[in-house]
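The structure appears right after this line, and notes come after that.
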Amino acid sequence: MYKNEIYGLRIKIKNSEIPLVFDAFHGFMISEVLHYGMYIAELNLSPLLFVKANFETGEKLTVIIDFYSPKYKRRGAKDQTDIIESYTFNFTIFDYKMSDNSVKIVLVPSFYEDFVVKLKNRVFNGSVKDIVQSVISPYSFTEEMEGTGVLKKRFYQINESDFSFIRNISNYAKGRNPNFLFFINKENKVFFESYDFLKNKKETWEMEDAMVSDKLVSNYSFAFQSLGGAGIKGRYFDWETGTFKEISFIPDTKVLTEHTFDNSMYLFLGNVSNSDDKTMYNNYVENYSFRKNTFKLFVDFKCVSSFVLFDKLTVGETLRFNFVQPGGKADYLSGKYFIYKAEHIFHGEGLTSSITLATDGYMVDGKYRSR
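Residue numbers for the sequence shown follow the numbering used here, so the first one is 14 and each next one is one higher.
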């Protein structure tokens with residue numbers, strides 16, 4: 014078992030625990046990205062331990078993560094009373110890549126073989142939602158589903174895996190609703206719903222950036238992109254004349270690398286020429302509806318993490334994220350987001366999380382796409 018002040022990590026193969034000394038454990042990451050379809054993980058070990066443990070592709074592997082109470086640091090002992098929460102993940106070894114100093118082992122969920130690899134031939138007759146529920150029923154999934162509005166229809170699963178079949182019929186649902194998605198998060202929860210349904214459902218959590226801003230590994234970066242059309246007109250309040258004005262611009266993406274004041278961001282939002290905090294804050298409030306109705310926003314950040322963030326920040330869920338700036342809350346950024354990407358990295362120093370929040374749209378191949 015590998016231990017530090019924040020967590021303990023155990024690895025079991027065939028019910029036998031692999032000894033993880035400090036030098037042998039090089040890190041573990043569990044990764045969720047919405048458009049990938051399911052979560053995956055990476056385990057990094059020393060080449061010597063990899064050889065000794067006799068890891069093989071296709072072998073079942075269990076990862077157990079125990080989060081410890083802060084009282085451990087004061088008392089200097091770890092026993093069962095120190096554990097806040099434990100998480101158990103069952104994986105299959107998918108692949109590995111060796112280097113001189115480390116071995117990267119790619120892990121997929123334990124249901125991968127039956128759900129993703131095994132090919133089946135059968136016929137279904139019913140609505141898309143009912144068929145998806147029927148396909149996933151043998152697996153230990155929870156679900157969150159939206160009706161597609163597609164009438165009952167006959168679907169043929171011909172030499173296809175269950176995963177591929179669901180993605181194909183979800184594409185049929187996309188024909189009626191271009192925003193439809195299918196994803197399984199790290200809690201083995203199936204999401205089969207539209208982006209509109211996802212972003213409009215009730216928030217499961219509320220937090221302020223103060224929770225992570227003093228623990229940032231990399232600063233917040235913001236990506237704006239237009240919500241559509243060859244050009245967009247918007248209104249903003251001009252504090253110099255005291256009137257609302259209309260502006261037009263060609264849709265484009267602006268990537269902001271700082272959480273602090275950036276003139277290009279203000280120019281994009283409207284006319285903010287005065288650097289006075291109160292004036293800028295008031296202009297943010299006036300521009301809130303302009304932001305909400307004319308472009309989508311992605312927020313990326315990487316921070317020193319905790320049990321709370323690991324537990325709450327999981328793809329497919331929504332939260333209200335409040336940004337605080339001088340002069341009050343930054344309402345031009347604050348609001349409801351869904352969690353698009355969550356990567357939790359366990360390493361020698363503790364836990365780091367890399368998060369992408371989104372107000373709308375999705376990202377493919379590293380580029381933000383419109384709805």
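Each residue gets a CB set at the ideal place from its N, CA and C atoms; glycine is no exception. None of these values were measured; they are calculated from a predicted model.
Check                                                                                                                                                            : Outcome
Quick one: what does DSSP say K131 is sitting in, helix, strand or coil?                                                                                         : coil
Can you give me the Cβ contacts of V129 inside the same chain, cut-off strictly under 7 Å, excluding the 5 residues immediately before and after it?             : S174, F176
Rank E330, Y353, L346, K27 by C-alpha distance to the C-alpha of V337 and give the top, closest one.                                                             : L346
By the three-class DSSP mapping on this structure, what secondary structure does K27 have?                                                                       : coil
For a test of the three-state rule: what should DSSP assign to Y294, helix, strand or coil?                                                                      : Residue placement at Y294 is flagged as unreliable, the pLDDT there being 40, under the threshold of 50; the coordinate-derived value follows with that caveat. If DSSP states are grouped into helix, strand and coil, Y294 belongs with the helices.
Going by DSSP, what residue range makes up the alpha helix (DSSP H) through I171?                                                                                : Counting along the chain, I171 falls outside any alpha helix (DSSP H), though it belongs to the beta strand (DSSP E) covering 166-173.
So, for I223: in the same chain, excluding its five sequence neighbours on each side, which residues have a beta-carbon less than 7 Å away from its beta-carbon? : As written in the sequence, residue 223 is Ala, which differs from the Ile given in the question. Answer for A223: V337, listed in chain order.
Quick check on G361: buried or exposed, where buried means 16 or more other Cβ atoms within 10 Å of its Cβ?                                                      : exposed
So what does DSSP say about P60, is it helix, strand or coil?                                                                                                    : helix
Going by beta carbon distance, what residues of the same chain come within less than 6 Å of I77, once the five residues before and after it are set aside?       : R23, T101
If we ignore side chains and look at the alpha-carbon of each, how far apart do K25 and A66 end up?                                                              : 10 Å
Does the beta-carbon distance from F196 to V317 come in below 8 Å?                                                                                               : no
Could you tell me the boundaries of the beta strand (DSSP E) in which I96 lies?                                                                                  : 96-111
Hey, could you find the ends of the beta strand (DSSP E) M158 is sitting in?                                                                                     : 155-158
Out of E126, S183, G348, T369, state which residue places its alpha-carbon closest to the alpha-carbon of K214.                                                  : G348
Spell out a yes or no on whether the segment 103-112 and the segment 143-159 are touching, meaning 3 or more CB-CB pairs, one atom from each, closer than 8 Å.   : no
Taking the continuous beta strand (DSSP E) assigned at M14, which residues delimit it?                                                                           : Run containing M14: none; DSSP gives neither H nor E here.
Within its chain, find whatever has a CB closer than 7 Å to the CB of V230; leave out the 5 residues flanking it on each side and keep chain order.              : K315, C316, V317, T365
Tell me whether L120 sits in a helix, a strand or coil according to DSSP, three-state version.                                                                   : strand
Please report the straight-line C-alpha distance between L132 and S99, rounded to a whole angstrom.                                                              : 34 Å
Residue range of the alpha helix (DSSP H) that N213 falls in?                                                                                                    : 208-213
Helix, strand or coil for I43 per DSSP?                                                                                                                          : strand
Quick one: grab the DSSP three-state call for V34.                                                                                                               : coil
Bridge partners of N232, per DSSP?                                                                                                                               : None; N232 has no bridge partner.
Where L61 and E72 are concerned, what is the direct C-alpha to C-alpha distance, given to the nearest angstrom?                                                  : 18 Å
Please classify I352 as buried or exposed, where buried requires at least 16 neighbouring CB atoms within 10 angstroms.                                          : buried
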